[in-house]
Structures are given as C-alpha cells and as structure tokens.
Amino acid sequence: MCGIIGYIGERDAAEVLVDGLKRLEYRGYDSVGIVTEEGRLFIKKGAGKINDLKEKLGLTNLPGRRGIGHTRWATHGIPNDINAHPHTDCTGKIAIVHNGIIENYIELREKLEGSGHEFKSDTDTEVIAHLIEEELKSSKLFEDALRRALLQLKGSFALGIIYTDDKGHLYFVRNESPLVLGIGNGEMFAASDIPAFLPYTNKVVFLDDGEYAVVGKDSFYVKDLKTGNIKDKKIHEINWTLEMAEKQGYAHFMLKEIHEQAKAVKDAIYGNLETIDKVAEEIANYEKVFVVAMGTSYHAGIGAKYFLQRLANKVVLVEEASEFRYEFEDIVDGNSLVIAITQSGETADTLAAIKLAKRKGAKVLSVVNVVGSMATRLSDLVIYTYAGPEIGVAATKTYVTQLTVLAMLAIALAKRLGTVDGKYIKLLEGQLQDLPKYVEAVLGYENKIKALAEELVNKRDFFYIGRGVSVATALEGALKLKEISYIHAEGLSAGELKHGPLALVEEGVPVVAIAPTGKTFDKMVSNIQEVNARKGLVISLGDNEELEKVSQVFLKMPRIDELLSPVVYIVPLQLLAYHLAVLRGNDPDKPRNLAKSVTVE
Ligand code: F6R
170 MCGIIGYIGE RDAAEVLVDG LKRLEYRGYD SVGIVTEEGR LFIKKGAGKI
220 NDLKEKLGLT NLPGRRGIGH TRWATHGIPN DINAHPHTDC TGKIAIVHNG
270 IIENYIELRE KLEGSGHEFK SDTDTEVIAH LIEEELKSSK LFEDALRRAL
320 LQLKGSFALG IIYTDDKGHL YFVRNESPLV LGIGNGEMFA ASDIPAFLPY
370 TNKVVFLDDG EYAVVGKDSF YVKDLKTGNI KDKKIHEINW TLEMAEKQGY
420 AHFMLKEIHE QAKAVKDAIY GNLETIDKVA EEIANYEKVF VVAMGTSYHA
470 GIGAKYFLQR LANKVVLVEE ASEFRYEFED IVDGNSLVIA ITQSGETADT
520 LAAIKLAKRK GAKVLSVVNV VGSMATRLSD LVIYTYAGPE IGVAATKTYV
570 TQLTVLAMLA IALAKRLGTV DGKYIKLLEG QLQDLPKYVE AVLGYENKIK
620 ALAEELVNKR DFFYIGRGVS VATALEGALK LKEISYIHAE GLSAGELKHG
670 PLALVEEGVP VVAIAPTGKT FDKMVSNIQE VNARKGLVIS LGDNEELEKV
720 SQVFLKMPRI DELLSPVVYI VPLQLLAYHL AVLRGNDPDK PRNLAKSVTV
770 E
C-alpha cells in the first residue's frame, strides 16, 4: 500500500522524509520518490528499494526544509521510474503524492488533455496536479484552486501536495485513505501511518474522510472539503511502540487485514469498473476454460468455476497449478482460455502452468494483486485485485478480492452472452455493490467469534461442509484453521460427508456448515441432521433462521444471493481461525513451515 510522509520545519527535509519512508516499508512498495522546495521544486524518484535509490539517485541530497515523500504500491500504471510519485503539473510548480484510486481519472484526463495539458505518466494521480493547475487559472488563492479541484475527484485518496509559490505550507487531504498529522515543536509532519514520524513526535491529529489540512511549521488548520468550514480537531497523544503503530493498534497484521476487507472489496470493484467488460469481450467465446492456482487462490478458483458455470454457461475445469502443468499438456490448446489466480504473481507452480498454457497457444488471463509481478508479464490479460499488500502469511483480503473480481467477470460475461435473465443480473449487480457493507456487518461478529473460539480451543479436528459455491468457503475455512491454529481441519462438499468422513464425526466434533439460502439449502439441513445424529457440534452460517433449531451455534448472515455469499461467509471463519491461533499461543502472522510466496516447486 502506498505510503505518504510530509515534513515542514527547520530540519533537512530530505533526511526526515527518507527516514520516514523507511519506517513505512513494511506496508509494501515498488517505487519511491521525494520532493523538496528551495526556491523551486526538487524531485528524485524511481522504481526500487529505498536503500538502493538512496545510493543510486542520492535521495537525501535535496535542499529545502519542506517536502513530501512517497512509497508507491502500483495500481494504475506499472512500477517504473516515470509512474513513481511525486507527479507534477505542466509548470512543475505543483507536486502531488497519492495513496488510493481516482475512479473518474480517465474522464478527467481526457478533459485536461483537451485543454492542452501534457501528461508524463500512466497514473491516475497525475490528473490531480493538472486539475489544480487548471483551477489556478481562475483563482489567485492556491487553497481555493485546490479545493475546487478536489471536489471533482471521485474515489479514495490520501494526498500530499506542495506548491512552489505558496511558501511555508504543505497540504494534505483524506478521503477513504488514511492520513495523520504529527504536531511537533516548530515543525509538522503528516503521514499515512503514525510510525513514519513517531521518533519525532507522539502528538497526532487524525484526519477524517472529506477533510483537508493546511500545514505550516508552527500551525495548522483542518477544513471540511465540501463546505470549506474549519473543523475543530483534537490532538491525541500516542503511547504506542513502533511495532504497535505499524499494525495501527491491531495485535497482528492478519487481524488488521481481515478488518480491511470491506475497503479492499470496494477498491476491487471500483478499480475494475473500466477493465472488466474489456476482458469479458476478449474471452467471451472460449469454450474450453481452465482455472489454475494454488492454496487460497485455488479456492477462489473453485468459486470462479461456479460463477462461470451458473452465469455464463461455461464448462470450467479448476486444477491445482502443480497438477495442471504435468497433466494437461495434451489437452490445453489454442482454443483454451486459462485463468491463473495468484495474489503474489510469483508462485512457481502457477507461473509454470501459465508458461505451459502460453506454449500451447492458449489465451491466459491472470488475476493478480501485485502489479508488475511475473504472472502479469507472462499473461495476455490481467485483472488486478487492488487489495493492497498483504503482510500476514495467511491470505485474507486478497481472497475476498479475487472472488469479487471473478464474480464481476462472470456477470459481465453473462450480460454479453445473454446467458441469464436480465433481472437476475440487476439483482447481482446491486448486491455486488453492497458487498463492502455486508463484509463490514459480519466483522461485527468478532466478539461472538472470540467467545466461540474460547469454547473450541481444545478441539482436535474440525470439518467444514458446504454445497455448490459454498464448497469454496468450506475449503478455505478449513485451510485458514489448519495453517495458523495447527488444528486438523477438513473442508469438503457436504454430499461427500456420508461417503466416508462421517465416520470421524463423534460427540463434540465441530462441524461448520455453510448454508446460505439457495438451490441446496434443504440438502444442507439433511447433512446437518446427519451430524446431529452422531452428536457432532454443529456451527452453522446462513440467513435462514431454521438453522438455529438444528445447530448448537448459529451465525446469522446477511441475506445475499448464494453465488456472492463466499465473499461474506469466509470473514467469520477467518476470525475464528485467527482467534483460535492466538488462544493456542501461535503467531498468526508467521505460521510455522509456511512462506508468503512459494517461489519453488
Ligand atoms: C494460504 C495462502 C497460500 C497461497 C498460495 C498461493 O493462506 O496464502 O495458500 O494462497 O501459496 O499464493 P499466490 O496467490 O501468491 O499464488
């Protein structure tokens, strides 16, 4: 996730900025840049790591006592020197750093290009600099021009802005992307995360959505973006350690990432509004569809199979990439579409499957989180998940965003192919927009789930059952539990239960039943009764209150179409795995024997 730092005071700004950026490194980044001012703007930026760029570009050799720095996690535009922030207007007097996504940047860019603005990068950020420049033509006051420009932006953004001619100030804006001010003595800071300036000050002001701050070295004020009215802001004293601050007060990165999921899903939706239909157009006519992935991404692939089957009438084969690469050589061909799902874009088995598919002439679409990763370079088409960097080893927000974009793709295909009723499409589209709200709602179950984890902490085996698209949730719920709590868990389709695994269900064995209303709800209730007959402990998730009568624990889920339910239903199961892991004394961020990215076969 991009990191922002700003400084104004008496110190050497470049030193403070680079120092602050290093403390934001844990957020993940691919490029770095800083801008300082002394009579004019001085900018150094490039793709790569801070220490390397410090050597190569002399990042700290910039004059001035005010400036802004940025670490970029690419969203629009590949990671390279040009796309690195800051971005400037045509005059080179305004420089901007940005965290987030500007949803209407294409429309704004076209308009600005039409009035003669020349763009240097592929980013959505650069439009903001030109937009302010444009507004400055009709306003003498920089703050007015800035406000008028900001009111035209749609999307999520945290911004740091510097203008050569406005001596003595920096500007910061927050809208759905974090930004905090640091209040020093004769100096001020701003950053996307407190650790960036924690060694200098522990006095902070949290900006809220729709607010901007005008910051001088001795004073600041915050205004409401819409009304322009001054806001009364409280100065908080922070007594966190640096490590606590990095996790924004959450005990672990995994918990922080679980709680970021509503926003991640929203970014995934808005980040893909333009692309999804173009991708759908390119793949609509393929009849042979393979989905390849590993681990959690493979479970998103199971979800994708149901989305594509039910909505686009495609016959879909989902294969672990490690199997596909050895078993499908003679089957995949020029008439095949291979969808590779990989958050890192670097998983060795998935890359090998992509290479095989390419060799055989197949069309390859990858669904990836890390922009510019190897999978994106090998593929014909890419859909990004925009989840931001995931630091916890166990995948959480990348999974829900994979499911989200794959559901969007299936809906776009259904529209194009006319495979399902228009009314149903409308319903799905409406519910898709509401997914962030549903995710937020189920996050509210955390205390209940924590209490449940306390009851279950000594259990030895868990079963997770579901039917249809909920098989993905069953498999993923079980995987989360295994990998961080080290409790044995099996995820399976509920129909399989009585063909063997039921033999292991005895008194008190937890069976998590994923049972949204849908085609197979009644069958799920029968499976639950089979468990009850063996005195198993049924924990059910669903929207139908009938489930309460047949379960020891019932988690009431929002009423949502079965097909979209995996995005929401996995959230309580992630929380259950997390709390069980913590209660058992494990570090959920670093499960034993596992690595974040498996780059060997
Ligand atoms: C589980 C997990 C792994 C990954 C798998 C694939 O929580 O994170 O199972 O899903 O290693 O990784 P990517 O998606 O990077 O290809």
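According to this note's numbering, the sequence shown is numbered sequentially starting from 170.
Glycine residues also receive a C-beta, built at the ideal position from the N, C-alpha and C atoms.
Practice task
List the DSSP bridge partners of S307.
Solution key: None, per the DSSP bridge assignment.
Handout entry: Runs of alpha helix (DSSP H) wholly within the region 418 to 478 (minimum 4 residues, chain order)
Key = Entirely contained in the region 418 to 478, the alpha helix (DSSP H) runs reaching 4 residues are, in chain order, 422 to 428, 430 to 440, 444 to 452.
Problem - Coil, strand or helix - G175 by DSSP - result: The answer is strand: DSSP assigns G175 an E or B state.
Exercise for the section: Have a look at L586 and H286 and give me their C-alpha separation to the nearest angstrom. Expected result: Near 40 angstroms, if we compare the C-alpha coordinates of H286 and L586.
Practice task
Put Y495 into one of helix, strand or coil per three-state DSSP.
Solution key: Here Y495 sits in helix by DSSP.
Exercise for the section: Could you tell me if the beta carbon of V767 falls within a distance shorter than 7 angstroms of some heavy atom in the ligand F6R? Expected result: Checking the Cβ of V767 against the ligand F6R gives yes.
Exercise for the section: Taking A253 as the reference, give the member of E282, I552, L222 with the closest Cα. Expected result: The shortest C-alpha separation from A253 is found at L222.
Exercise for the section: For T511, collect the residues of the same chain with a Cβ closer than 7 angstroms to its Cβ; drop the 5 residues on either side in sequence, then sort them by chain order. Expected result: Around T511: A462, S466, T519, S535, V537, A544.
Problem - Exposure of E415, with buried meaning 16 or more beta-carbon neighbours within 10 Å - result: By the neighbour-count definition (other C-beta atoms within 10 Å, threshold 16), E415 is a buried residue.
Practice task
Over the uninterrupted beta strand (DSSP E) stretch that includes F389, give me the two end residues.
Solution key: Residues 389 to 393.
Exercise for the section: Report the residue from G351, I580, I653 whose alpha carbon sits nearest the alpha carbon of G385. Expected result: That would be G351, whose Cα lies nearest to the Cα of G385.
Practice task
Give me the Cα-Cα distance between L480 and I653, rounded to the nearest whole angstrom.
Solution key: A straight line joining the alpha-carbon of L480 with that of I653 spans about 34 angstroms.
Problem - Which listed residue (A517, M693, D499, R235) has its alpha carbon closest to that of R528 - result: Taking R528 as reference, the option from A517, M693, D499, R235 with the minimal CA-CA separation is D499.
Handout entry: Straight-line gap, Y849 to D758 (C-alpha atoms, nearest Å)
Key = With the chain represented from 170 up to 770, any question about residue 849 goes unanswered, as that position is not in the structure.
Practice task
Could you check how far apart the C-beta atoms of V533 and I523 are, in whole angstroms? I think they sit under 8 angstroms.
Solution key: That pair is a contact at about 5 angstroms.
Exercise for the section: Output the distance between the C-alpha atoms of G261 and L210, rounded to the nearest integer angstrom. Expected result: Spanning the alpha carbons of G261 and L210 requires a straight line of approximately 7 angstroms.
Exercise for the section: May I ask whether a heavy atom of the ligand F6R can be found less than 7 angstroms away from the beta carbon of E451? Expected result: E451 Cβ: outside cutoff for every heavy atom of the ligand F6R.
Handout entry: Nearest neighbour of I271, chosen from D250, V589, L442, G599 [CA to CA]
Key = It is L442 whose Cα lies nearest to the Cα of I271.
Problem - Inter-residue CB distance, Y455 and L506 (contact presumed, cutoff 8 angstroms) - result: About 4 angstroms separates the beta carbons of Y455 and L506, which is inside the 8 angstroms limit, making them a contact pair.
Handout entry: Per-residue DSSP class, three states only, for F288
Key = Note: F288 maps to coil in three-state DSSP.
Exercise for the section: With R192 as the anchor, note down where its alpha helix (DSSP H) starts and where it stops. Expected result: Per DSSP, R192 belongs to the alpha helix (DSSP H) from 182 to 192.
Problem - DSSP state of T686 mapped onto helix, strand, coil - result: The answer is coil: DSSP assigns T686 none of H, G, I, E or B.
Exercise for the section: With a threshold of 7 angstroms, establish whether the CB of S466 neighbours any heavy atom of the ligand F6R. Expected result: The ligand F6R has a heavy atom closer than 7 angstroms to the beta-carbon of S466.
Handout entry: Limits of the beta strand (DSSP E) - the one that K214 falls within
Key = 209 to 216 is the span of the beta strand (DSSP E), which, as asked, contains K214.
Handout entry: Cα-Cα separation, L310 to N398
Key = Approximately 16 angstroms between the Cα atoms of the pair.
Handout entry: Where T519 falls: helix, strand or coil (DSSP)
Key = T519 falls in the helix class under three-state DSSP.
Problem - Where V589 falls: helix, strand or coil (DSSP) - result: Three-state DSSP puts V589 in coil, outside helix and strand.
Handout entry: G637 versus V501 - alpha carbon distance
Key = A direct Cα-to-Cα measurement between G637 and V501 gives close to 26 angstroms.
Problem - C-alpha distance - A579 paired with A473, whole-angstrom precision - result: Put simply, the backbone Cα of A579 is about 8 angstroms away from that of A473.
Exercise for the section: Using a threshold of 8 angstroms, state whether the C-beta atoms of G217 and S200 are closer than that. Expected result: Yes, these two residues count as a Cβ contact at 8 angstroms.
Handout entry: A556 (DSSP reduced to helix, strand or coil)
Key = The three-state secondary structure of A556, taken from DSSP, is coil.
Problem - L612 and V737 closer than 8 angstroms at C-beta - result: Not a contact, by the Cβ cut-off of 8 angstroms.
Exercise for the section: In angstroms with no decimal places, state the Cα-to-Cα distance between D446 and M577. Expected result: D446 and M577 have their C-alpha atoms spaced approximately 9 angstroms apart.
Problem - Boundaries of the alpha helix (DSSP H) in which M772 is found, first to last residue - result: Any question about residue 772 goes unanswered here, given that the chain covers just 170 to 770.
Handout entry: Residue from V434, Q430, I203 whose Cα sits closest to the Cα of D250
Key = Here the closest residue by C-alpha is I203.
Exercise for the section: Would you check whether the ligand F6R has a heavy atom nearer than 7 angstroms to the C-beta of S513? Expected result: Yes.
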